[in-house]
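Shown next, in structure tokens, is the structure this report addresses.
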Amino acid sequence: MSTNAFAPPEAGQHGAMPRRRGSLRLRLSLGVPVLTALVVGAIEWSLGDLVEAADGLTRMVWLVLLLSATQLLLIEALLLWPLRRLAAGCEAMESVPAPLADDEAAPAPRLAAELERIGHVMRRARGSLWQQGQAALALQRELTQQRELLAQAQRELAANQRELAGMARTDPLTGLANLRVFDETLRREFKRAQRQRGLLAIAVLDLDEFKQFNERHGSAAGDAALQRVARLLNERFKRDTDVVARLGGEEFVALLPGFGMAEAQGVLELLREDLRALRLPDGQGHLTLSVGLAAASPGHPYLSAQALMQAADEALYIAKHAGRDRLSLAA
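Residue 4 in full-length UniProt numbering sits at position 4 of the sequence shown, and the numbers go up by one each step.
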């Protein structure tokens, strides 16, 4: 009677052990990812990257899943499996007949050793989790550094592109517009003058005997002289609509929208006087200027921008062969 009275509770206890282990595994399966997500989120927030684009969120989700799976495997291998062995041992001890009084204390050392082993395993698991957290922090710092390096490279690339774009539109020695920019501006202004029946003057300027100047004073002095002449041109032609460019060598060109032949001639004569009075670096001689001038107007039209430029070139040719240091007007 006494044995039958206690049999049902023992059976219930034996059946409850697997249920408790299953419940523990379920709680760990739910709790570990949540705890890992909180730890990773705290790390992301401390580094200022909690709110990122979709790729950053995907990376964090994968990191949480990887860490959670690693922890669950470690807990299963290092904690739950020893617990199952311990539970199996307890069940086996309950199923065997009660030992004699002298042997009742025998399982106690084994139980203490098993508990010590479980405690050691748990400490190792905590150490492993800490190492994984440190590895995640190191990875996050590396990603942040790589993003900063990428941003710096993008800024440097943008600066180089701006510099190259500027070099493609300016003469590197004088800083004036180059031939490409001048051609674009000439076509645009010529069409505008035709459409509005306005005035447009173009002057081609060439420094006289500049090759001999370079031979006497050296190329460095020649470059300095070209830079001084470029500054003088910018000072004389300073309207917003004026465009001064270097065509190459010692040849320059000035495009003067809104100027007819008479207005442009007056400005160019003043320029020639300024050049004669110009003090070159180290007092090295002086320079003179030959100019060919052409102007389009409703009363004197040209068929194209190229025809207007050619007329100015022909006027310069005449000035050169007429003795230099003079201004020649296109017919």
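Even glycine gets a Cβ: it sits at the ideal position worked out from N, Cα and C.
Per DSSP, residue 260 has no beta bridge partner at all. Distance from the CA of residue 243 to the CA of residue 151, rounded to the nearest whole angstrom, comes to 38 Å. A contact is defined here as three or more CB-CB pairs under 8 Å, and the region 305-320 meets this definition with respect to the region 174-190. With contacts defined by Cβ atoms closer than 8 Å, residue 199 and residue 258 form a contacting pair.
By a beta-carbon distance limit of 8 Å, residue 67 contacts residue 36. Their separation comes to about 5 Å.
Counting along the chain, residue 232 sits inside no beta strand (DSSP E); it lies in the alpha helix (DSSP H) bounded by residues 219-236.
The Cβ-Cβ distance between residue 229 and residue 292 does not fall below 8 Å. In the DSSP assignment, the residues bridged to residue 202 are 255, 294. Rounded to the nearest whole angstrom, the CA to CA distance from residue 180 to residue 267 is 25 Å. Assigned with DSSP and collapsed to three states, residue 299 falls in coil, not helix or strand.
Assignment of residue 328 by DSSP, reduced to helix, strand and coil, places it in the strand class. Residue 269 counts as exposed, since fewer than 16 other beta carbons sit within 10 angstroms of its beta carbon.
Residue 63 holds the alpha-carbon nearest to the alpha-carbon of residue 139 among 312, 63, 225. DSSP, read as helix, strand or coil, puts residue 70 in helix. The three-state reading of DSSP puts residue 185 in helix, counting H, G and I together.
When DSSP states are grouped into helix, strand and coil, residue 41 belongs to the helix group.
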